[in-house]
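What follows is a short report on a single structure.
In the working numbering, the protein residues as written are 1 to 578.
Here you go:
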């Protein structure tokens, strides 16, 4: 009796579930509501895992879908095969239902047990509007089934040309270049799509505006499977794109060792050069891909190859501070350490310029010539000073760099550091014995250069460490002459406090006061006068400061001179001509 009653209750419950599901599938809203009012489980499902939301979605019953969702139906509930309502609506092409489900936060990229996504299902069935909507709302078209088919691949297979076009266009959004279908398949490593495309009119060496083939693209992304497919279909491993770039250049630049290995096995030319003279080894070294560097060298890459500018792969590694790549290169050929470019730049010059301490240290350890000079006479130390690389300066000096080495124009490293304002380096050089009064070919000291470039702090430091304040450069110019001409009152003040000769004259007999009068620097003229400047000193052409004020129309300085006692009736030996 009890068992019979239990079966009767179970049967009644089962009938209720079935009726609810039938009503949802049939679009009978009144019946669905009746079942819902009887407290039936809204997410109840049949033997296959299909619930009311699944069935209503398949048939496109928007009103029932809306009602179920508003009453809390699980929007992402899945069938036994892993399909959600969005999968089912997408497969059936029920656009309005798809929109409603997405509005209620359906997982747009959910994959079923076989890897099917809603986008894949819509693409497979050629539901164009659904495909557009899903893409616009974040559907990932790279998701593939367990068999490796993407939405693009299945669309190609089914011959759904419009869907293919939509997918290709969407894939190119945000990109400056719209790639052809085979290039996109190569980018996505979509072997199914690529294979299908290669069955048509597409050639494996189809190139685009840049000249890149699908194999270049596969090499860029390291997509081995597509690369193998393309090569098996006849892709040219040595195809030279724009600037003579081959797939091996691309794979080397991006560190795709798997592709490099494949290309070499298939006959890629290892010493091929771009229009700038870059070999694949240059590309790998510049990007710091030491595994690829090693692989290329093992396969006979020419380690001494030079670019058009004469740069070796070691120069490239130095440029990027890629110490492991540099170490591998030096292991294969230690004499590369002092290899020079067309401008006689060594790898150590390059590392010094870029501030790349790690490679510079390695090069010094491998006995690079720290005093090698570039075409303009700049040593590594000059370059490190110019670029304000204190750690490099310390490294170079500790490895024997000559502090007094001069460029073609006679610049020492202290001249360079003073001119550019590298204060910490200036102090370091002085502490290590740099000649503070060394002169260039023009007779300029570091103090002259610091003054000429308005480096107030450097001037102060040089003076504090004993720089000669009155040394004369070409045309007999002192630092006070320079500072006055430039109108830098702070430096003028520092020089005067250091007892600069206020009446020192240039080759033409100009004192600093003459220069201030010519340039109209009233404040500086006043400061010079306060420090005892001779108001009535004559140039070699017998002009006083007042004469010069008159010539250049500098009334304020003229008034100052008159106030301070300059003689207004003072005449030179030559009549003044205006």
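Cβ atoms here follow ideal geometry from the backbone N, Cα and C, with glycine treated the same way.
Quick caveat: nothing in here was measured; it's all calculated off a predicted structure.
Less than 8 Å between the CB atoms is what I'm expecting for residue 514 and residue 548, so what's the real figure, rounded?
-> Indexing the chain shown from 1 puts residue 514 at position 514. Indexing the chain shown from 1 puts residue 548 at position 548. That belief holds up - the Cβ atoms of residue 514 and residue 548 are roughly 6 Å apart, short of 8 Å.
Would you say residue 230 and residue 257 are within 8 Å of each other, going by their C-beta atoms?
-> By 1-based counting over the chain shown, the position of residue 230 is 230. By 1-based counting over the chain shown, the position of residue 257 is 257. For residue 230 and residue 257, no; Cβs fall outside 8 Å.
Mind checking whether residue 153 and residue 193 have CB atoms under 8 Å apart?
-> As a working note, residue 153 is residue 153 in the chain shown. As a working note, residue 193 is residue 193 in the chain shown. Judged by their CB atoms, residue 153 and residue 193 are nearer to each other than the 8 Å cut-off.
Is it true that the CB of residue 69 sits closer than 8 Å to the CB of residue 52?
-> The sequence position of residue 52 within the chain shown is 52, counting from 1. The sequence position of residue 69 within the chain shown is 69, counting from 1. No, the pair does not count as a contact, with Cβ atoms beyond the cut-off.
Under the three-state reduction of DSSP, which class applies to residue 45: helix, strand or coil?
-> As a first step, residue 45 must be located in the chain shown, where it is residue number 45. In this structure, residue 45 counts as strand in the three-state DSSP scheme.
Going by Cα to Cα distance, which pick from 449, 293, 146 is closest to residue 474?
-> Taking the chain shown and counting its residues from 1, the one referred to as residue 474 is at position 474. Of the candidates 449, 293, 146, the one whose C-alpha sits nearest the C-alpha of residue 474 is 449.
Decide if residue 465 is buried, meaning its Cβ has at least 16 other Cβ atoms within 10 Å, or exposed.
-> Counted from its first residue, the chain shown places residue 465 at position 465. Exposed: under 16 other Cβ atoms inside 10 Å.
Those residues which DSSP pairs with residue 379 across a bridge | For this step, residue 379 is matched to residue 379 along the chain shown. For residue 379, the pairing in a beta bridge is given by DSSP as 373.
Ignoring anything shorter than 4 residues or poking outside the region 255-329, list the alpha helix (DSSP H) runs there in chain order.
-> Runs found: 257-265, 280-287, 290-298, 313-320.
Please determine if the region 301-315 and the region 262-269 are in contact, where contact requires at least 3 C-beta pairs separated by less than 8 Å.
-> Result no; under three Cβ-Cβ pairs closer than 8 Å.
Roughly how far, in whole angstroms, is the beta-carbon of residue 313 from the beta-carbon of residue 289, given that I think they are within contact range, below 8 Å?
-> As a working mapping, residue 313 is identified with position 313 in the chain shown. As a working mapping, residue 289 is identified with position 289 in the chain shown. Contact flag wrong, Cβ pair sits at about 11 Å.
Thinking just about the alpha-carbon of each residue, which of 442, 453, 500 is nearest to the one in residue 469?
-> Residue 469 sits at position 469 when you count from the first residue of the chain shown. With distances taken between Cα atoms, residue 469 lies closest to 500.
Per DSSP, which residues does residue 51 bridge with? Please list them.
-> For the purposes of this step, residue 51 is taken as the residue at position 51 of the chain shown. 45.
In whole angstroms, what is the alpha-carbon distance linking residue 439 and residue 568?
-> As a working mapping, residue 439 is identified with position 439 in the chain shown. As a working mapping, residue 568 is identified with position 568 in the chain shown. When rounded, the separation of the alpha-carbon atoms in residue 439 and residue 568 is 40 Å.
In the DSSP assignment, find the unbroken alpha helix (DSSP H) run with residue 438 in it and report its ends.
-> In the chain shown, residue 438 corresponds to position 438, counting from 1. Per DSSP, residue 438 belongs to no alpha helix (DSSP H) and is neither H nor E.
Proximal residues to residue 18 (C-beta, below 6 Å), its chain only, five neighbours per side dropped | Position 18 of the chain shown holds residue 18. Closer than 6 Å at Cβ, skipping near neighbours: no residue.
Measure how close the beta-carbons of residue 383 and residue 353 come, nearest whole angstrom, since I'm counting them as under 8 Å.
-> Translated into the one-based positions of the chain shown, residue 383 becomes position 383. Translated into the one-based positions of the chain shown, residue 353 becomes position 353. Their Cβ separation, rounded to whole angstroms, is 5 Å, which keeps residue 383 and residue 353 in contact under 8 Å.
Taking the C-alpha atoms as reference points, what is the distance between residue 56 and residue 84?
-> Taking the first residue of the chain shown as position 1, residue 56 is located at position 56. Taking the first residue of the chain shown as position 1, residue 84 is located at position 84. Straight-line Cα distance between these residues: approximately 12 Å.
Is the distance from the Cβ of residue 322 to the Cβ of residue 285 below 8 Å?
-> Residue numbering aside, residue 322 sits at position 322 when the chain shown is read from its first letter. Residue numbering aside, residue 285 sits at position 285 when the chain shown is read from its first letter. Residue 322 is a Cβ neighbour of residue 285, given a cutoff of 8 Å.
Name the two residues that bound the continuous alpha helix (DSSP H) containing residue 129.
-> Stepping through the chain shown from its first residue, residue 129 is reached at position 129. Counting along the chain, the alpha helix (DSSP H) containing residue 129 begins and ends at 128-136.
Taking the C-alpha atoms as reference points, what is the distance between residue 98 and residue 319?
-> One-based indexing of the chain shown puts residue 98 at position 98. One-based indexing of the chain shown puts residue 319 at position 319. Between residue 98 and residue 319, the C-alpha separation is close to 54 Å.
Length of the line joining the Cα atoms of residue 637 and residue 233 = Because the chain in this structure spans residues 1 to 578, residue 637 falls outside the shown range and cannot be described.
Look at the alpha carbon of residue 480 and the alpha carbon of residue 434, and state the distance between them as a whole number of angstroms.
-> By one-based count along the chain shown, residue 480 stands at place 480. By one-based count along the chain shown, residue 434 stands at place 434. Between the alpha carbons of residue 480 and residue 434 lies a distance of about 23 Å.
In whole angstroms, what is the alpha-carbon distance linking residue 339 and residue 142?
-> Position 339 of the chain shown, counted from the first residue, corresponds to residue 339. Position 142 of the chain shown, counted from the first residue, corresponds to residue 142. Near 47 Å, if we compare the C-alpha coordinates of residue 142 and residue 339.
Residue 381 versus residue 221 - alpha carbon distance | Here residue 381 refers to the residue found at position 381 when the chain shown is read from its first residue. Here residue 221 refers to the residue found at position 221 when the chain shown is read from its first residue. If you take the alpha carbons of residue 381 and residue 221, they lie about 40 Å apart.
Have a look at residue 265 and residue 226 and give me their C-alpha separation to the nearest angstrom.
-> Indexing the chain shown from 1 puts residue 265 at position 265. Indexing the chain shown from 1 puts residue 226 at position 226. Roughly 16 Å separates the two Cα atoms.
Where does residue 79 sit, in a helix, a strand or coil, going by DSSP?
-> The residue labelled residue 79 in the question sits at position 79 within the chain shown. It is coil, neither helix nor strand.
For the alpha helix (DSSP H) that residue 485 lies in, which residues bound it at each end?
-> Within the chain shown, numbered from 1, the residue matching residue 485 stands at position 485. Residues 479-486.
Can you give me the Cβ contacts of residue 181 inside the same chain, cut-off strictly under 6 Å, excluding the 5 residues immediately before and after it?
-> Looking up residue 181 in the chain shown gives position 181. Within the same chain, residue 181 has close Cβ partners 168, 197.
Own chain, CB closer than 6 Å to residue 472, minus 5 neighbours either side, in chain order | The residue labelled residue 472 in the question sits at position 472 within the chain shown. 478.
Take the Cβ of residue 165 as the centre, count every other Cβ of all protein chains shown within 10 Å, and call the residue buried at 16 or more, exposed below.
-> For the purposes of this step, residue 165 is identified with residue 165 of the chain shown, where counting begins at 1. By the Cβ-count criterion, residue 165 is exposed, with fewer than 16 other Cβ atoms from all chains shown falling within 10 Å of its own Cβ.
Can you tell me which of the three DSSP states residue 471 falls into?
-> For this step, residue 471 is matched to residue 471 along the chain shown. Annotated three-state conformation of residue 471 is coil, per DSSP.
Given that a residue counts as buried once 16 or more other Cβ atoms are within 10 Å of its Cβ, and exposed if not, what is residue 563?
-> Within the chain shown, the letter at position 563 stands for residue 563. Sixteen is the threshold: since fewer than 16 other Cβ atoms of the shown chains lie within 10 Å of the Cβ of residue 563, the residue is exposed.
Cβ neighbour criterion (16 or more within 10 Å) applied to residue 315 | By 1-based counting over the chain shown, the position of residue 315 is 315. By the neighbour-count criterion, in which a residue is buried when 16 or more other Cβ atoms sit within 10 angstroms of its Cβ, residue 315 is buried.
Can you give the Cα-Cα distance for residue 325 and residue 236, rounded to whole angstroms?
-> Taking the chain shown and counting its residues from 1, the one referred to as residue 325 is at position 325. Taking the chain shown and counting its residues from 1, the one referred to as residue 236 is at position 236. Taking the straight line from one Cα to the other gives about 29 Å.
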